[in-house]
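Asker: Offset between the sequence shown (1-based) and this note's numbering: plus 196. Positions of the beta carbon are idealized from the N, C-alpha and C atoms, including for glycine. Every value quoted in this text rests on a predicted model; they were computed, and no experiment measured them.
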Amino acid sequence: MGWLARVRNLLPGARHAAEVARELDFHVAELADRLAAEGMPRAAAEREARLRFGHLQGLKEETRAAGIVGWLEALAQDLRYAWRGLRASPGFTLTVVVSLALGIGANSAIFSLFNALLLRSLPVEQPQELVQVVRTEDGGGEWTNPIWEAVRQRQDVFSGVFAVGTTSVNLASGGPARFAAGAYVGGDFFPTLGLRPATGRLLTGDDDHRGCPPVAVLGHGFWQREFGGSAEAVGRSLPVNGHPFEVVGVAQRGFFGVEVGRQIDVYLPLCAEAVVQGSNSTLDVRANWWLTIMGRPRSGLTPEAVSARLAAISPAVLEASVPGDWDAENTRQFLAMRLTAAPAATGVSEVRLTYRPALLMLLGVVALVLLIACANVANLLLARGASRRHEVAMRLALGASRGRIIRQMLTESLLLAGLGAGLGVLFARWSSALLLGMLGTRGGVMWLDLSLDQRLVAFTTGVAVVTGVLFGLLPAWRATRVDPQGAMRAGGRSIVQGGSARFTLGKGLALAQVALSLVLVAAAALLLGTFRNLATVDPGFERAGRLALTMDLSAAGFTDARRMAIERELVTPAAGAGRAPRRRGDGAAGVGHGVERRGVPSRQARAGALGGQGQHVQPGERRLLRRRRHPPAGRPRFRARRRARRPAGGDRQRGLCRQVPRGRAAAGPHP
197 MGWLARVRNL
207 LPGARHAAEV
217 ARELDFHVAE
227 LADRLAAEGM
237 PRAAAEREAR
247 LRFGHLQGLK
257 EETRAAGIVG
267 WLEALAQDLR
277 YAWRGLRASP
287 GFTLTVVVSL
297 ALGIGANSAI
307 FSLFNALLLR
317 SLPVEQPQEL
327 VQVVRTEDGG
337 GEWTNPIWEA
347 VRQRQDVFSG
357 VFAVGTTSVN
367 LASGGPARFA
377 AGAYVGGDFF
387 PTLGLRPATG
397 RLLTGDDDHR
407 GCPPVAVLGH
417 GFWQREFGGS
427 AEAVGRSLPV
437 NGHPFEVVGV
447 AQRGFFGVEV
457 GRQIDVYLPL
467 CAEAVVQGSN
477 STLDVRANWW
487 LTIMGRPRSG
497 LTPEAVSARL
507 AAISPAVLEA
517 SVPGDWDAEN
527 TRQFLAMRLT
537 AAPAATGVSE
547 VRLTYRPALL
557 MLLGVVALVL
567 LIACANVANL
577 LLARGASRRH
587 EVAMRLALGA
597 SRGRIIRQML
607 TESLLLAGLG
617 AGLGVLFARW
627 SSALLLGMLG
637 TRGGVMWLDL
647 SLDQRLVAFT
657 TGVAVVTGVL
667 FGLLPAWRAT
677 RVDPQGAMRA
687 GGRSIVQGGS
697 ARFTLGKGLA
707 LAQVALSLVL
717 VAAAALLLGT
727 FRNLATVDPG
737 FERAGRLALT
747 MDLSAAGFTD
757 ARRMAIEREL
767 VTPAAGAGRA
777 PRRRGDGAAG
787 VGHGVERRGV
797 PSRQARAGAL
807 GGQGQHVQPG
817 ERRLLRRRRH
827 PPAGRPRFRA
837 RRRARRPAGG
847 DRQRGLCRQV
857 PRGRAAAGPH
867 P
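(1) Could you have a look at A447 and say whether DSSP puts it in helix, strand or coil?
(2) Whole angstroms are fine: how far does the CA of L247 sit from the CA of A214?
(3) Candidates V661, A571, Q351 and P387: which alpha carbon is nearest V710's?
(4) For S433, count neighbouring Cβ atoms within 10 angstroms of its own Cβ and tell me buried if that reaches 16, exposed if not.
(5) Looking only at its own chain, which residues have a Cβ that is under 6 Å from the Cβ of I460, when we skip the five neighbours before and after it?
(6) Going by DSSP in three states, W339 sits in which element: helix, strand or coil?
(7) Relative to the C-alpha of G383, which residue among S369, L398 and A483 is closest?
(8) Would a C-beta distance cut-off of 8 Å place L543 and A675 closer than the cut-off?
(9) Which partner residues does L434 have in the DSSP bridge list?
(10) Would DSSP call F375 helix, strand or coil?
(11) Taking R350 as the reference, give the member of G618, R505 and P519 with the closest Cα.
(12) Please classify T492 as buried or exposed, where buried requires at least 16 neighbouring CB atoms within 10 angstroms.
(13) Expressed to the nearest angstrom, what Euclidean distance is found between the alpha-carbon atoms of A359 and Q324?
(14) With R492 as the anchor, note down where its beta strand (DSSP E) starts and where it stops.
(15) Alpha carbons only, please: which of V547, A589 and R243 is nearest the one belonging to L632?
(16) Tell me, please, which residues DSSP counts as bridged to T363.
(17) Following the continuous alpha helix (DSSP H) through H291, name the residue where it begins and the one where it ends.
(18) Please report how far the alpha carbon of V293 lies from the alpha carbon of G616, in whole angstroms.
(19) Please report the distance separating the alpha-carbon of G401 from that of P435.
(20) Name the two residues that bound the continuous beta strand (DSSP E) containing L464.
(21) Rank R243, Q604, G445 and V224 by C-alpha distance to the C-alpha of A272 and give the top, closest one.
(22) Going by C-alpha to C-alpha distance, which of R651, L766, L619 and S627 sits closest to S295?
(23) Based on the DSSP output, what are the partners of T395 in its beta bridges?
(24) Please report how far the alpha carbon of L479 lies from the alpha carbon of G424, in whole angstroms.
(25) If I follow the unbroken alpha helix (DSSP H) through A569, where does it start and stop?
(26) Please state whether DSSP places T536 in a helix, a strand or coil.
(27) For G383, write down the residues that DSSP places opposite it in a beta bridge.
(28) Let me know if N526 comes out buried or exposed under the rule of 16 or more other beta-carbons within 10 Å of its beta-carbon.
(29) Provide the residue(s) that pair with A412 in DSSP beta bridges, ordered along the chain.
(30) DSSP state of S696, grouped into three classes?
(31) Spatial neighbours of L231 within its chain, please: C-beta separation below 7 Å, excluding the five flanking residues on both sides.
(32) Would you report the Cα separation of Q650 and S308, rounded to the nearest angstrom?
(33) Work out the CA separation of P465 and D403 for me, nearest whole Å.
(34) Just the C-alpha distance for G688 and A589, rounded to the nearest angstrom, thanks.
(35) Run through DSSP, which three-state label would R603 get?
(36) Return the CA-CA distance between H405 and V513, expressed in angstroms with no decimal places.
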């Protein structure tokens with residue numbers, strides 16, 4: 197009888213009762229027919245058949261209970277016996293449970309991070325249908341707004357398509373800045389994902405057009421934190437970088453955005469980027485790679501068909517969005533790109549490639565920790581089995597089978613593993629949140645959904661079961677290898693006689709513990725050596741007395757002219773702070789601008805556009821150090837000169853950067 201049938205036998209229902217009744221009636225009728233064929237009258241044959249079968253109602257109950265009830269009763273008996281035994285040995289139980297909790301909890305904690313970062317599907321409708329538009333050359337998925345607009349106009353493979361770009365917005369109406377994670381969403385972002393509003397309405401494609409009204413949708417978590425979950429938040433004005441936006445709705449509970457590692461607080465229409473950024477808007481900039489394009493293919497289209505169609509429209513899309521001021525080589529590389537589709541059920545993320553190797557390594561480390569814990573618990577169970585040798589011999593002498601005793605001991609091991617797993621889940625919840633706080637993204641602390649799901653529950657349960665069998669099977673098998681007659685006759689001598697084999701097995705487990713511990717110690721030593729090297733590496737300048745700070749003046753709504761004035765005001769007092777410098781470089785100050793996502797995409801940008809000694813920076817690609825009175829002591833001097841000023845409405849200035857030897861730093865004019 198299969199497991200499904202056994203479970204079904206326990207469930208009440210007229211259908212199953214009728215099936216059993218029909219089966220019994222068939223056998224009674226068959227016996228009556230045979231008796232009648234032998235010459236017995238029909239009525240007497242039926243009465244005789246019922247007498248031979250006995251009480252039919254009792255047979256029905258026995259048939260129903262024969263499948264799994266007996267097994268469940270034996271399991272319940274084993275669990276009660278195991279629980280009484282564990283309660284009688286609290287020290288042993290506590291030691292084993294804590295050891296297993298640390299091992300299982302560490303595995304669950306690392307796997308919860310791995311699951312949330314790499315495996316968990318987006319909490320949207322049919323996430324397995326989503327695809328991301330990427331480049332065939334390197335799999336990169338960042339695009340410019342002109343490319344997005346060209347794709348939206350020319351595509352015919354998606355039933356819904358959208359673009360999204362993350363940003364950081366200042367929600368303070370005055371005073372200190374109050375930053376939040378924002379996202380510009382274009383096209384049918386919410387309808388394509390199949391999301392519903394918690395209150396109000398969500399953004400649609402009609403909200404995304406040039407000159408659109410300033411409206412916003414709040415993330416559910418942000419709505420709960422900032423507005424207490426009040427429906428009155430809809431219709432209120434929300435300042436975004438100093439510009440008022442009307443809140444029109446709240447996103448669905450449990451949805452945090454399509455970028456893993458980042459929880460979005462405010463969703464804005466893509467067209468609102470022009471409102472927020474003003475003259476610094478990049479909607480028409482053809483070299484600003486910042487958007488992710490995703491869609492849901494039309495019904496019946498295979499992934500190969502979607503990729504083929506995207507490749508077919510690539511030339512027209514790129515011709516319509518190629519930057520007009522690039523040189524011939526960059527233009528050729530741009531036009532040679534091809535669009536394709538990649539699965540996006542788990543969302544997109546910049547940090548997956550960064551943390552995936554580290555998480556896999558940590559999974560291996562915590563697996564070794566769990567093996568060490570299993571070896572430790574197995575040794576404890578061997579010692580416990582030696583003290584129970586007389587009891588096992590007595591049960592064998594009374595007729596219990598060896599398999600039955602092994603099953604009872606395995607039940608005890610699984611109970612210990614279950615208790616350890618329960619405590620380990622609590623440890624995993626705390627430790628995974630602690631580890632997550634140590635991880636970071638470009639926008640700050642990483643955010644991941646670490647809630648329990650089916651995959652995490654299945655992993656923890658599987659680890660607990662495998663652990664229970666792993667440390668319990670060998671001691672149970674060893675404990676039942678006893679001669680009942682010899683044990684009953686010799687009493688304590690039987691324990692001594694079996695001691696050699698037991699201690700041989702125990703020594704083997706101890707050696708395994710030592711070997712695994714040495715592996716962990718060696719790995720820890722290598723890791724500490726790496727940390728020491730990182731702490732002592734020469735950065736190229738003296739770190740003592742140096743201070744770095746980050747400013748985001750654009751989020752406060754300052755114009756370019758005002759931002760430059762503020763930078764001058766900050767640099768001049770800082771440079772004059774050291775009135776009596778003890779060495780060259782004291783009191784130095786400078787303003788630098790970070791890397792922008794501009795220029796040739798993918799590897800060409802990372803390799804060639806960074807610039808270097810004697811290399812030109814691509815138009816709009818980077819803005820290097822703008823002002824410095826003196827280089828910090830111990831750092832090579834760099835000189836920069838402008839190649840061309842940025843024309844009105846044009847690309848940003850070009851620059852040439854080269855290194856000047858320290859000995860020639862003060863000699864001659866600036867090159």
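Answerer: For this structure:
(1) coil
(2) 21 Å
(3) Among V661, A571, Q351 and P387, the Cα nearest to that of V710 is on A571.
(4) exposed
(5) A377, A379, G415 and G453
(6) DSSP places W339 within a strand segment (E or B) once states are collapsed to three.
(7) L398
(8) In the sequence under discussion, the amino acid at residue 543 is Gly, which differs from the Leu named in the question. No; because the gap between Cβ atoms is not below 8 Å, this pair is not in contact.
(9) F441
(10) strand
(11) Ranked by Cα distance from R350, the first of G618, R505 and P519 is R505.
(12) The displayed chain sequence assigns Arg, not Thr, to residue 492. Per the 10 Å Cβ criterion, buried.
(13) Answer to the nearest angstrom: the Cα atoms are 18 Å apart.
(14) T488 to P493
(15) Closest option to L632, judged by alpha-carbon separation, among V547, A589 and R243: V547.
(16) Within the DSSP secondary-structure output, T363 pairs in a beta bridge with G378.
(17) A small fix is needed here, since residue 291 is Thr in this sequence, not His. Where T291 is concerned, the enclosing alpha helix (DSSP H) stretches over P286 to F310.
(18) 5 Å
(19) 23 Å
(20) V462 to P465
(21) Q604
(22) L619
(23) V446
(24) 35 Å
(25) R548 to S583
(26) strand
(27) F358
(28) buried
(29) V443
(30) Any reading at S696 must be qualified, since the residue scores a pLDDT of 47, below 50, and its modelled position is unreliable; the value itself is stated next. It is helical.
(31) A241, E244 and A245
(32) 11 Å
(33) 6 Å
(34) A caution first: G688 carries a pLDDT of 47, below 50, which makes its placement in the model unreliable, though a value can still be read off. Going from the Cα of G688 to the Cα of A589 covers about 12 Å.
(35) helix
(36) Answer to the nearest angstrom: the Cα atoms are 19 Å apart.
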